[in-house]
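Novice: Here it is, the structure in full.
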Amino acid sequence: MLAATGVRWDPEMVALDRIGRSTVTRARQRFEASLPDLVWNAAALEGNTFTLPEVRTLLDGVTVGGRPIEDERQVLALVGGYSQLDELVGEGRFLLDKEVSDDLHGRVAVHEAIESGAFRGEGSVGGGGTVQLASGGFVTGVPQDELPARFSNSVEYLASLEDPRERALAYFASATRAQYYFDGNKRTARLMMTGLLMSEAYDAVSIPFARAFEFNQALDTLFADDDATPIMAFIADCAVR
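Numbering (my numbering) for the sequence shown: 43 to 283.
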C-alpha cells in the first residue's frame with residue numbers, strides 16, 4: 043500500500059457506507075443540482091472571496107463586481123473543470139488515468155499553476171512540490187522524476203481495491219500527497235475522486251468550507267505522516283446521507 047501509493051490507511055476507520063449509491067444518471071443529477079455549492083466550497087477552501095450567491099450569479103452568466111479578477115477566474119475555471127467532469131462521466135469516458143487528470147488540471151488551474159495540465163518536471167520548469175502545513179513547517183512532495191512511476195503504481199494498486207469508494211478516497215489522498223502539479227493538486231484530486239464515485243453510481247462528496255479546520259488538520263497528518271486514514275474518514279463523514 044505505502045510503497046505503491048505513498049500513503050497508508052485503515053479502511054476499518056473509514057465509514058464508506060455514508061456515501062450513497064443509486065445510478066449514474068441520478069448521481070449526475072444530484073451533482074448538477076449541487077454544482078454551485080461544490081464550486082463555492084472548493085473555491086472558498088482555496089481562500090477565494092466569492093460568496094455562494096455570487097457563485098450562483100456567475101453560473102448564470104452575470105459578472106459580479108467588487109471582487110478580484112483572480113477570484114472570478116478561479117471560480118470560472120472550477121466551473122469549467124466540474125462541467126468537463128460531468129460530461130466525461132455522462133459519456134462513459136471518465137478514466138482514472140493521467141490524460142484525464144492533466145485535462146482537468148489544465149482547466150481548474152489554468153490561471154494559477156505553472157505549466158497547467160502537466161506534471162511537475164514535464165515542461166521547462168523544475169522543482170515545486172513543497173507544502174506548508176497549516177500547523178507550521180514544510181513537507182516536500184514526491185521528487186519530480188518519480189512522479190510518473192508513482193502515478194502508475196498508485197493507479198495499479200487502487201484498481202485492486204474492491205470498493206470504488208475506498209478507491210476514490212484513497213486516490214484523493216495519494217494524489218494530494220504526491221503533489222503531481224505545481225498548484226491545484228487538491229482541486230484536481232477532488233475532481234478525479236468525484237469522477238470515480240459518479241462513474242460507479244455513487245454520489246459526489248462536497249468538502250464544506252465550514253469544516254475547513256478539520257480538513258486542514260487531516261491534511262497535516264497526511265503530509266507529515268503519510269497517514270491517509272484521517273482525511274479519508276473526514277471525506278466520508280462529509281457525505282450527505
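Even for Gly, the Cβ is constructed at its ideal location relative to N, Cα and C.
Remember, it's a predicted structure, so these values are computed and weren't measured experimentally.
Does the separation of the CB atoms of Leu94 and Pro78 fall below 8 Å?
Specialist: For the purposes of this step, residue 94 is taken as residue 52 along the sequence shown, with counting starting at 1. For the purposes of this step, residue 78 is taken as residue 36 along the sequence shown, with counting starting at 1. Taking 8 Å as the Cβ cut-off, Leu94 and Pro78 qualify as a contacting pair.
Novice: Are the beta-carbon atoms belonging to Trp82 and Val106 less than 8 Å from one another?
Specialist: Mapped onto the sequence shown, residue 82 falls at position 40. Mapped onto the sequence shown, residue 106 falls at position 64. Contact check for Trp82 against Val106 fails: the beta carbons are separated by 8 Å or more.
Novice: From Asp245 to Ile111, what distance separates their C-alpha atoms?
Specialist: Looking up residue 245 in the sequence shown gives position 203. Looking up residue 111 in the sequence shown gives position 69. Cα-Cα distance, rounded: 32 Å.
Novice: Bridge partners of Tyr124, per DSSP?
Specialist: Within the sequence shown, the letter at position 82 stands for residue 124. Note: Tyr124 sits in no beta bridge, so no partner.
Novice: On the three-state DSSP scale, how would you describe Gly269?
Specialist: Residue mapping note: residue 269 aligns to position 227 of the sequence shown, counting from 1. A small fix is needed here, since residue 269 is Asp in this sequence, not Gly. Strand, per DSSP.
Novice: Check whether the stretch 272-281 touches the stretch 158-177, taking contact to mean three or more Cβ pairs, one atom from each stretch, closer than 8 Å.
Specialist: Using a Cβ-Cβ distance cut-off of 8 Å, the stretch 272-281 and the stretch 158-177 are not in contact, since fewer than three pairs of beta carbons, one from each stretch, lie closer than that value.
Novice: Scan the stretch 82-134 and note each continuous alpha helix (DSSP H) run of 4 residues or more that stays entirely inside, going in chain order.
Specialist: 94-101 and 111-132
Novice: Three Cβ pairs or more, each shorter than 8 Å: is that satisfied between the stretch 175-194 and the stretch 214-221?
Specialist: yes
Novice: Take Leu101 and list the residues in its own chain whose beta-carbon comes closer than 8 Å to its own, dropping the five residues that flank it on each side.
Specialist: The residue labelled residue 101 in the question sits at position 59 within the sequence shown. Taken in chain order, the residues that qualify are Leu77, Pro78, Val81 and Val121.
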